[in-house]
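Asks:
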Amino acid sequence: MSKGLCVVITGSSGAGKTSVVRRLLKQISGSARLITTTSRELRPEEVNGVDYNFVSRQQFEKLVKQGKFLEWEENYGNLYGSERAVLEQMLERHSVVLVTLDVRGAKSYQKVYPSAIIVALSVPVDQILERITARAPIDSAELERRIEAVTREQAEIDTFDFIVENRAGQLETKTVPRTEKIILNELTKRQSSTRA
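What follows is the structure, encoded as structure tokens:
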């Protein structure tokens with residue numbers, strides 16, 4: 174069996190990464206989402222091994238020391254990371270493995286897993302802020318921090334393989350079809366190069 178294609182979908186918080194990945198999973202035959210590892214508590218609606226691989230903070234830190242992660246980071250006191258072995262196993266079983274990461278995580282993938290294709294979602298800052306504030310109310314200090322982060326991250330996405338706009342109201346009509354086309358083209362290129 175040939176090895177699958179690792180595709181990182183990245184962008185700022187509120188860029189629509191999860192929405193794009195959900196739709197791609199339905200549309201691309203043989204695709205799967207990488208199940209990442211976290212030290213945070215399991216929520217009632219979540220299933221271990223489906224939503225995340227849930228481990229204790231101590232177990233996570235041990236995995237870090239053993240060099241098991243391609244990338245990892247701490248957000249809001251919880252650790253999140255992509256285990257190399259899990260990704261490799263999934264790539265053996267699936268034609269496409271989709272990974273949802275923030276810009277910092279995608280930059281790490283760029284360095285440690287250069288065969289991954291990185292697709293950045295670009296969204297006008299005002300639309301990202303609308304999406305973020307629609308999720309839950311945030312105070313002005315947090316809003317200012319988010320504006321700075323989004324502005325910085327949007328400036329960094331030029332270093333990724335592909336940039337796809339995800340404007341309001343265009344998810345189904347433009348964003349997902351363009352992203353799917355990129356992935357299918359990359360699959361075709363890889364299959365052609367392995368035959369040559």
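Convert by adding 173 to the 1-based position in the sequence shown; the result is the number in my numbering.
The beta-carbon is built from N, C-alpha and C at its ideal position, and this holds for glycine as well.
Below 8 Å CB to CB, which residues in the same chain sit around F242 once its five sequence neighbours on both sides are set aside?
Replies: T210, L236, G254, S255, E256 and R257.
Asks: Excluding the 5 residues preceding and the 5 following V298 in the sequence, name in chain order all residues of the same chain whose CB lies nearer than 6 Å to its CB.
Replies: Result list for V298: V323, in chain order.
Asks: Should L271 and R206 be called a contact, given that it needs their Cβ atoms to be closer than 8 Å?
Replies: Yes.
Asks: Could you check if Q327 is buried or exposed, using at least 16 other CB atoms within 10 Å of its CB as the buried criterion?
Replies: The residue in question, Q327, is buried, as its Cβ has 16 or more Cβ neighbours within 10 Å.
Asks: Would you list the one or two residues that DSSP bridges to V269?
Replies: Answer by DSSP bridge pairing, in chain order: L178 and S204.
Asks: Where does I355 fall in DSSP's three states?
Replies: I355: helix per DSSP, three-state reduction.
Asks: How far does the alpha helix (DSSP H) with G282 in it extend, from its first residue to its last?
Replies: According to the sequence as given, residue 282 is Tyr; it is not Gly. Residues V276 to V285.
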